[in-house]
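Undergrad: Protein chains in written order, with the working numbering: chain A, 1 to 324; chain B, 325 to 648. No residue lacks a Cβ here, since even glycine has one placed at the ideal position from N, Cα and C.
1) Can you pull out the residues from the stretch 348–379 of chain B whose beta carbon lies closer than 7 Å to at least one beta carbon of chain A?
2) Less than 8 Å separating the beta-carbons of residue 441 of chain B and residue 424 of chain B?
3) Here's the rule: buried if 16 or more other CB atoms are within 10 angstroms of the residue's CB, otherwise exposed. What is residue 292 of chain A?
4) Within this structure, are the beta carbons of residue 569 of chain B and residue 335 of chain B separated by less than 8 Å?
5) List the residues of chain A that residue 585 of chain B touches, going by C-beta distances under 7 Å, in chain order.
6) Under 7 Å between beta-carbons, which chain A residues line up against residue 425 of chain B? List them in chain order, please.
7) Touch check for the stretch 260–273 of chain A and the stretch 605–612 of chain B: three-plus C-beta pairs under 8 Å?
8) Kindly confirm or deny that the stretch 402–416 of chain B and the stretch 432–447 of chain B touch, where touching means at least three C-beta pairs closer than 8 Å.
9) In chain order, what residues of the same chain have a beta carbon less than 6 Å from the beta carbon of residue 368 of chain B, not counting five sequence neighbours either side?
10) My parser needs the alpha helix (DSSP H) runs of 4 or more residues fully inside the stretch 605–645 of chain B; what are they?
11) As a quick exercise: from B:596, B:338, B:497, pick the residue whose alpha carbon is nearest that of residue 517 of chain B.
12) By the three-class DSSP mapping on this structure, what secondary structure does residue 462 of chain B have?
13) Spell out whether any CB of chain A is found under 8 Å from the CB atom of residue 413 of chain B.
14) Starting from residue 578 of chain B, follow its DSSP beta bridges and name the residues at the other end.
15) Report yes or no: do three or more beta-carbon pairs, one from the stretch 553–565 of chain B and one from the stretch 214–226 of chain A, lie closer than 8 Å?
16) Using a Cβ cut-off of 9 Å, pull out every chain B residue sitting near residue 75 of chain A, in sequence order please.
17) Decide if residue 646 of chain B is buried, meaning its Cβ has at least 16 other Cβ atoms within 10 Å, or exposed.
18) Spatial neighbours of residue 27 of chain A within its chain, please: C-beta separation below 7 Å, excluding the five flanking residues on both sides.
19) For residue 484 of chain B, does the count of other Cβ atoms within 10 angstroms reach 16, so buried, or fall short, so exposed?
20) Verify the CB distance criterion: does residue 629 of chain B have a CB-CB separation below 8 Å to chain A?
21) For residue 99 of chain A, does the three-state DSSP call read helix, strand or coil?
22) So with Cβ pairs under 8 Å, would you call residue 63 of chain A a contact of chain B?
23) Applying the 10 Å Cβ sphere with the 16-neighbour rule, what's the burial state of residue 337 of chain B?
24) I need the boundaries of the alpha helix (DSSP H) containing residue 345 of chain B, first residue and last residue.
25) If contact is defined by three or more beta carbon pairs under 8 Å, each pair taking one atom from either stretch, is the stretch 306–313 of chain A in contact with the stretch 152–167 of chain A?
26) Name the chain A residues whose beta carbon is nearer than 7 Å to that of residue 421 of chain B?
27) Beta-carbon separation of residue 388 of chain B and residue 331 of chain B under 8 Å?
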């Protein structure tokens, strides 16, 4: 049995907990939290400990599944945890991945540990598709679409506007763009062509709604380059939408092997729960980290480095027999 | 530069030749054929040699791209070639993969060579999807559909019927089945539910067409378990259809992380030329074999064993920066 520890119990931690409970080859040593452990009521009945207790489990956990956020949790904590434990995380601040990688690689090599970073569906499963498709079809174009799903960053940006009580923003791929890609036209698509942004906003009584709508639609970086729809709704409606964590997306590679012969490779995901699917990917790579660490591998790996056989509880013989 | 040799110049050999010509990090030492080399007019102007000359290139070729068939070429020849060269092949006789693997593993280990077997889109890219999806979503169902595309085995089976001059058979996924899977219903699908078989048959003058149609539709293993459409056409029409080598297919994983939350993962390919896309996959794995062999790896590998970073001509740093 692979012994795992779960660090953090937000939406992702809950998704990871569910995924661990479905893994026949894993046992959960504990969920570690910065909150009061007795206040946590995890969805599966695993022991809950305060983060301060984690050090006592050194040598008794094969891999820590890190469920913190990319803004502060992971950049601040992973390097420290990696001194004593193998880790998996979902670090997704794209521009900072090289820096994050270098920092952790040093710690892992010094301490003989192994860390899988940027694991999830994007970065993660989508990265595999982009890389594999591009290697197979070098003469072609990549297209990645996200949604329909909530963008936390864009929702936050709206909430920072004065007079806004609460807000949620959906990123929606445009059907015309998807169709153009699927038809093999290899279209040139601007930011505006690919995605639509739809916002549901609850505001204070008596505010100027048209001013808020203008502030959203003209917000640089977040909305100015997009077609944006703003709907004003009640706080209750926003809160109800915030319960649904569905998401999805598409990776396409469209290209040619000769002038006459075109090919279209497509990966698509439709997810009822973004954190539960992300958690499931994290757990599969947790299995891989535990196995590779046992074989003596140290350092930092991404989805590009891990042979996928390590993700499965099946033996290599069974994989070849049943899935090849 | 990675030095490759191409063994065999049928449809797949031609596809591999095109793919090598698009690989900026490869040079082709030669195409090796059992036919008269002077009679070959390859699509890219690479040197052509008789197979007997191949031995003289030992030490000068990083990887041989084997373009023979799975029925006799590969089972008879790969082990012998593997004594002196690293190889990649598209062996796809599913039931015999374990036996083929064991035989080659012994030769490769004895001779310090490396062989990637069963490379292409299925087995190959589809196998990656089945394995990755299943590891991520253990509580779910797999569905693989093939087509629309030609099945060589079924076309051959029709041609063996007395009175048939020529024939071509298309495997077609049924739209209702695809829709049921896409809607997340997790349907139980019989063989008949998933695929339709459409045949275009040219027959001798004066034969009993209804008898031939019956012989096709009732043929055990090949057609009896399917809905089959038989069209009688001219020899010219069959020949013209045989020029088009388009194919495609779908891999789905449909499953749940909780009772409420379902997910659908889908990979689909639409190919204008089956051998050109298969050849492109073979060349990407040829790159991987050359790199892994240089690092000292020996034995037999499948798509489950090869970290996908090896498929790309990009550096690991660039992959993380641009594709993660």
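TA: Let's see:
1) none
2) yes
3) buried
4) yes
5) 272, 273, 276
6) 320
7) no
8) yes
9) 341, 345
10) none
11) B:497
12) coil
13) no
14) B:465, B:588
15) no
16) By Cβ distance, chain B contributes nothing, its closest Cβ being about 16 Å from residue 75 of chain A, past 9 Å.
17) exposed
18) 1, 3
19) exposed
20) yes
21) helix
22) no
23) buried
24) 335–345
25) no
26) 320, 324
27) yes
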